[in-house]
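Here the sequence shown is numbered in our numbering, starting from 3 and rising by one per residue.
Quick reminder that beta carbons are idealized off the backbone N, C-alpha and C, glycines included.
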Amino acid sequence: MKLATYKDGSRDGQLVVVSRDLTTAHYASGIAHRLQQVLDDWNFLSPQLQDLYETLNHGKARHAFPFEPQRCMAPLPRAYQWADGSAYINHVELVRAASATQVPDSYYTEPLMYQGGSDDFIGPTDPIVCRSEDWGIDFEAEMAVITGDVPMAATPEQALDGIRLVMLANDVSLRNLVSDELAKYFGFLQSGYSCIAEKRTIETLLDGAPSTGYMRYGDTVRIEMKGLDGQSVFGAIEQAVTPLA
(Lines of atoms letter the chains of each structure in order from A and count residues from 1; the text may use other names and numbers.)
(Lines give C-alpha, C1' and ligand atoms only; values in the text may rest on other atoms or scores of the structure.)
Protein backbone atom coordinates (compact mmCIF):
# COMPACT_ATOMS: atom_id res chain seq x y z
CA MET A 1 0.00 0.00 0.00
CA LYS A 2 1.00 3.62 -0.45
CA LEU A 3 0.54 6.27 2.22
CA ALA A 4 1.08 10.03 2.37
CA THR A 5 0.58 12.86 4.83
CA TYR A 6 -1.45 15.86 3.70
CA LYS A 7 -1.00 19.37 5.08
CA ASP A 8 -3.88 20.36 7.36
CA GLY A 9 -2.39 23.18 9.42
CA SER A 10 -1.11 20.90 12.17
CA ARG A 11 2.46 19.80 12.77
CA ASP A 12 1.75 16.15 12.01
CA GLY A 13 -0.71 16.45 9.12
CA GLN A 14 -3.48 14.11 7.97
CA LEU A 15 -2.85 10.55 6.82
CA VAL A 16 -4.13 9.61 3.35
CA VAL A 17 -4.06 6.39 1.36
CA VAL A 18 -2.78 6.80 -2.22
CA SER A 19 -3.58 4.60 -5.22
CA ARG A 20 -0.89 2.46 -6.84
CA ASP A 21 -0.72 4.77 -9.89
CA LEU A 22 -0.50 7.89 -7.67
CA THR A 23 -3.58 9.48 -9.25
CA THR A 24 -6.18 9.26 -6.47
CA ALA A 25 -6.21 9.36 -2.68
CA HIS A 26 -8.58 8.86 0.24
CA TYR A 27 -8.43 10.24 3.77
CA ALA A 28 -7.64 7.54 6.33
CA SER A 29 -9.35 9.42 9.15
CA GLY A 30 -11.80 6.56 9.73
CA ILE A 31 -8.79 4.39 10.61
CA ALA A 32 -6.03 6.73 11.82
CA HIS A 33 -5.34 10.46 11.61
CA ARG A 34 -1.53 10.32 11.61
CA LEU A 35 1.07 7.86 10.39
CA GLN A 36 2.63 7.61 13.85
CA GLN A 37 -0.65 6.21 15.15
CA VAL A 38 -0.40 3.43 12.59
CA LEU A 39 3.18 2.62 13.53
CA ASP A 40 2.21 2.44 17.20
CA ASP A 41 -0.55 -0.09 16.46
CA TRP A 42 0.67 -1.62 13.22
CA ASN A 43 -0.80 -5.11 13.46
CA PHE A 44 -4.32 -3.77 14.05
CA LEU A 45 -4.40 -0.70 11.80
CA SER A 46 -2.28 -1.64 8.78
CA PRO A 47 -4.70 -4.37 7.55
CA GLN A 48 -7.50 -1.79 7.56
CA LEU A 49 -5.39 0.61 5.52
CA GLN A 50 -4.53 -2.22 3.13
CA ASP A 51 -8.25 -2.88 2.61
CA LEU A 52 -8.86 0.81 1.85
CA TYR A 53 -5.88 0.79 -0.53
CA GLU A 54 -7.29 -2.15 -2.49
CA THR A 55 -10.74 -0.56 -2.60
CA LEU A 56 -9.17 2.66 -3.91
CA ASN A 57 -7.24 0.79 -6.61
CA HIS A 58 -10.44 -0.86 -7.81
CA GLY A 59 -12.13 2.53 -8.14
CA LYS A 60 -14.71 1.74 -5.46
CA ALA A 61 -13.68 4.14 -2.68
CA ARG A 62 -16.67 6.42 -2.08
CA HIS A 63 -14.77 9.58 -1.15
CA ALA A 64 -11.69 9.36 -3.37
CA PHE A 65 -10.16 12.56 -4.75
CA PRO A 66 -7.28 13.46 -7.09
CA PHE A 67 -3.89 13.05 -5.41
CA GLU A 68 -1.86 16.29 -5.24
CA PRO A 69 1.82 15.90 -4.24
CA GLN A 70 2.02 19.65 -3.62
CA ARG A 71 -0.27 19.19 -0.62
CA CYS A 72 2.02 16.62 1.00
CA MET A 73 4.14 17.02 4.08
CA ALA A 74 6.89 14.52 4.82
CA PRO A 75 5.24 11.14 5.59
CA LEU A 76 6.51 11.51 9.17
CA PRO A 77 7.03 15.25 9.71
CA ARG A 78 8.49 14.49 13.15
CA ALA A 79 10.16 11.15 13.76
CA TYR A 80 11.70 9.67 16.88
CA GLN A 81 15.00 9.08 15.11
CA TRP A 82 16.77 9.48 11.77
CA ALA A 83 19.74 7.16 11.28
CA ASP A 84 21.65 7.48 8.02
CA GLY A 85 23.91 4.69 6.80
CA SER A 86 26.56 4.95 4.06
CA ALA A 87 25.67 1.60 2.56
CA TYR A 88 26.68 2.37 -1.04
CA ILE A 89 30.35 1.38 -0.86
CA ASN A 90 31.04 2.58 -4.42
CA HIS A 91 30.29 6.13 -3.32
CA VAL A 92 32.63 5.81 -0.34
CA GLU A 93 35.39 4.37 -2.55
CA LEU A 94 35.10 7.26 -5.02
CA VAL A 95 35.30 9.92 -2.31
CA ARG A 96 38.27 8.20 -0.68
CA ALA A 97 40.05 7.81 -4.03
CA ALA A 98 39.66 11.51 -4.76
CA SER A 99 41.28 12.36 -1.42
CA ALA A 100 43.97 9.64 -1.78
CA THR A 101 42.90 7.85 1.39
CA GLN A 102 42.05 4.22 2.02
CA VAL A 103 38.59 2.90 2.80
CA PRO A 104 38.70 1.36 6.30
CA ASP A 105 38.22 -2.41 6.17
CA SER A 106 35.32 -2.17 8.61
CA TYR A 107 33.28 -0.15 6.08
CA TYR A 108 32.82 -3.31 3.99
CA THR A 109 31.04 -5.12 6.83
CA GLU A 110 29.82 -2.32 9.13
CA PRO A 111 28.41 0.67 7.20
CA LEU A 112 29.17 4.12 8.58
CA MET A 113 26.09 5.49 10.34
CA TYR A 114 25.18 8.75 12.01
CA GLN A 115 22.16 10.13 13.81
CA GLY A 116 20.65 13.17 12.12
CA GLY A 117 17.97 15.69 12.95
CA SER A 118 14.47 14.26 12.68
CA ASP A 119 12.45 17.11 14.15
CA ASP A 120 11.57 19.02 11.00
CA PHE A 121 11.40 16.98 7.79
CA ILE A 122 10.04 18.87 4.79
CA GLY A 123 7.56 17.76 2.14
CA PRO A 124 8.43 16.48 -1.35
CA THR A 125 7.74 19.81 -3.06
CA ASP A 126 8.62 22.18 -0.20
CA PRO A 127 11.48 24.65 -0.77
CA ILE A 128 14.93 23.91 0.64
CA VAL A 129 15.50 27.05 2.71
CA CYS A 130 19.15 27.84 3.45
CA ARG A 131 20.85 30.84 5.02
CA SER A 132 23.82 30.94 2.63
CA GLU A 133 24.85 29.39 -0.69
CA ASP A 134 28.41 29.35 0.66
CA TRP A 135 27.50 26.36 2.84
CA GLY A 136 27.74 24.07 -0.22
CA ILE A 137 24.13 22.95 -0.71
CA ASP A 138 23.95 19.39 -2.05
CA PHE A 139 21.16 16.89 -2.55
CA GLU A 140 21.40 13.15 -1.84
CA ALA A 141 18.91 10.76 -3.43
CA GLU A 142 18.40 8.00 -0.89
CA MET A 143 16.17 5.08 -0.03
CA ALA A 144 14.69 5.18 3.47
CA VAL A 145 12.73 2.76 5.60
CA ILE A 146 10.33 3.37 8.46
CA THR A 147 10.57 0.71 11.13
CA GLY A 148 8.61 -0.46 14.10
CA ASP A 149 10.39 -1.29 17.34
CA VAL A 150 13.75 -2.91 16.55
CA PRO A 151 15.49 -4.68 19.47
CA MET A 152 19.00 -3.82 20.55
CA ALA A 153 21.64 -6.01 18.86
CA ALA A 154 19.05 -7.14 16.31
CA THR A 155 19.99 -9.80 13.79
CA PRO A 156 19.62 -8.99 10.08
CA GLU A 157 16.43 -11.07 10.10
CA GLN A 158 15.00 -9.14 13.05
CA ALA A 159 15.91 -5.83 11.42
CA LEU A 160 14.21 -6.86 8.18
CA ASP A 161 11.12 -7.95 10.11
CA GLY A 162 10.96 -4.49 11.69
CA ILE A 163 10.58 -2.65 8.36
CA ARG A 164 7.09 -1.21 7.92
CA LEU A 165 7.36 1.17 4.94
CA VAL A 166 9.88 2.08 2.22
CA MET A 167 10.39 5.64 0.97
CA LEU A 168 12.40 7.90 -1.30
CA ALA A 169 14.30 10.69 0.47
CA ASN A 170 16.38 13.76 -0.30
CA ASP A 171 19.04 14.08 2.39
CA VAL A 172 20.13 17.71 2.00
CA SER A 173 23.79 18.10 2.96
CA LEU A 174 25.81 21.27 3.52
CA ARG A 175 29.18 20.07 2.22
CA ASN A 176 31.24 23.07 3.24
CA LEU A 177 30.21 22.66 6.89
CA VAL A 178 30.78 18.92 7.19
CA SER A 179 34.58 18.92 7.69
CA ASP A 180 34.42 21.39 10.59
CA GLU A 181 31.64 19.40 12.22
CA LEU A 182 33.58 16.15 11.92
CA ALA A 183 36.67 17.80 13.38
CA LYS A 184 34.69 18.32 16.59
CA TYR A 185 34.23 14.52 16.79
CA PHE A 186 30.47 14.82 16.71
CA GLY A 187 28.11 13.41 14.12
CA PHE A 188 27.12 16.08 11.63
CA LEU A 189 23.37 16.70 11.80
CA GLN A 190 22.78 18.19 8.36
CA SER A 191 25.77 18.94 7.11
CA GLY A 192 26.11 10.13 -5.07
CA TYR A 193 25.44 10.33 -9.22
CA SER A 194 22.78 10.65 -6.57
CA CYS A 195 24.48 13.73 -5.20
CA ILE A 196 26.68 16.55 -6.44
CA ALA A 197 29.58 15.49 -4.22
CA GLU A 198 29.97 12.22 -6.11
CA LYS A 199 29.89 13.98 -9.48
CA ARG A 200 32.56 16.40 -8.24
CA THR A 201 34.62 13.43 -7.05
CA ILE A 202 34.50 11.78 -10.47
CA GLU A 203 35.41 15.08 -12.13
CA THR A 204 38.40 15.35 -9.79
CA LEU A 205 39.54 11.83 -10.65
CA LEU A 206 39.15 12.40 -14.40
CA ASP A 207 40.12 16.04 -14.79
CA GLY A 208 42.09 16.92 -11.69
CA ALA A 209 39.48 19.34 -10.35
CA PRO A 210 35.70 19.52 -9.95
CA SER A 211 33.71 21.61 -12.42
CA THR A 212 30.18 21.19 -11.06
CA GLY A 213 29.15 23.66 -8.38
CA TYR A 214 26.83 23.00 -5.49
CA MET A 215 23.22 24.10 -5.64
CA ARG A 216 22.36 27.79 -5.64
CA TYR A 217 19.22 29.78 -4.97
CA GLY A 218 16.65 29.11 -7.68
CA ASP A 219 18.01 25.65 -8.52
CA THR A 220 15.56 22.75 -8.41
CA VAL A 221 16.33 19.11 -7.69
CA ARG A 222 13.98 16.31 -8.78
CA ILE A 223 14.38 12.79 -7.40
CA GLU A 224 12.22 9.95 -8.70
CA MET A 225 12.38 6.16 -8.87
CA LYS A 226 10.54 4.30 -11.63
CA GLY A 227 9.55 0.64 -11.72
CA LEU A 228 10.05 -1.80 -14.58
CA ASP A 229 6.73 -0.61 -16.01
CA GLY A 230 8.07 2.94 -16.24
CA GLN A 231 5.67 4.22 -13.58
CA SER A 232 6.78 6.26 -10.58
CA VAL A 233 7.03 4.05 -7.49
CA PHE A 234 6.92 6.65 -4.73
CA GLY A 235 6.06 9.83 -6.61
CA ALA A 236 8.71 12.50 -7.11
CA ILE A 237 10.57 14.76 -4.73
CA GLU A 238 10.91 18.15 -6.42
CA GLN A 239 12.36 20.94 -4.31
CA ALA A 240 13.75 24.40 -5.05
CA VAL A 241 16.54 26.05 -3.08
CA THR A 242 15.48 29.39 -1.57
CA PRO A 243 17.21 31.91 0.71
CA LEU A 244 16.23 32.32 4.33
CA ALA A 245 13.90 35.30 4.49
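Can you give me the start and stop residues for the alpha helix (DSSP H) that residue i sits inside?
i    : result
E144 : From DSSP, E144 is part of no alpha helix (DSSP H) but of the beta strand (DSSP E) over A143 to T149.
V2   : The structure shown does not extend to residue 2, since the chain spans only 3 to 247, so no value can be given for it.
T206 : I198 to D209
Answer with buried or exposed for residue i, where buried requires no fewer than 16 other C-beta atoms within 10 angstroms of its C-beta.
i    : result
R13  : exposed
L208 : exposed
I139 : buried
M217 : buried
K62  : exposed
A199 : buried
A85  : exposed
A247 : exposed
G229 : exposed
R202 : buried
S193 : Any reading at S193 must be qualified, since the residue scores a pLDDT of 35, below 50, and its modelled position is unreliable; the value itself is stated next. It is buried - the Cβ of S193 has at least 16 other Cβ atoms within 10 Å.
V147 : exposed
S21  : buried
Assuming residue i is part of the beta strand (DSSP E), what are its boundary residues?
i    : result
W84  : W84 to S88
L170 : I165 to N172
V20  : Q16 to V20
H65  : Run containing H65: none; DSSP gives neither H nor E here.
V252 : Outside the displayed range of the chain (3 to 247) lies residue 252, so it cannot be described from this structure.
Mapping the DSSP letters down to three states, classify residue i as helix, strand or coil.
i    : result
F46  : helix
A242 : strand
I139 : strand
Q104 : coil
I124 : coil
L176 : strand
V131 : strand
Taking the C-alpha atoms as reference points, what is the distance between residue i and residue j?
i    : j    : result
D151 : A81  : 13 angstroms
A161 : F123 : 24 angstroms
P126 : A76  : 7 angstroms
A100 : T7   : 40 angstroms
P71  : A211 : 38 angstroms
Q83  : S120 : 6 angstroms
T214 : E159 : 41 angstroms
G164 : V105 : 30 angstroms
G232 : D23  : 11 angstroms
V18  : S108 : 42 angstroms
I204 : R98  : 11 angstroms
M3   : L167 : 9 angstroms
L176 : L5   : 29 angstroms
P245 : S196 : 23 angstroms
H35  : F67  : 17 angstroms
N59  : Q39  : 23 angstroms
V94  : Y110 : 10 angstroms
N178 : E240 : 23 angstroms
Just grab the DSSP bridge partners of residue i for me.
i    : result
K9   : None; K9 has no bridge partner.
G118 : W84
Y29  : V18
M217 : I139
Please indicate yes or no: does the CB of residue i lie closer than 7 angstroms to some heavy atom of the ligand SAM?
i   : result
F69 : Absent from the structure shown: the ligand SAM. Ligands present: none.
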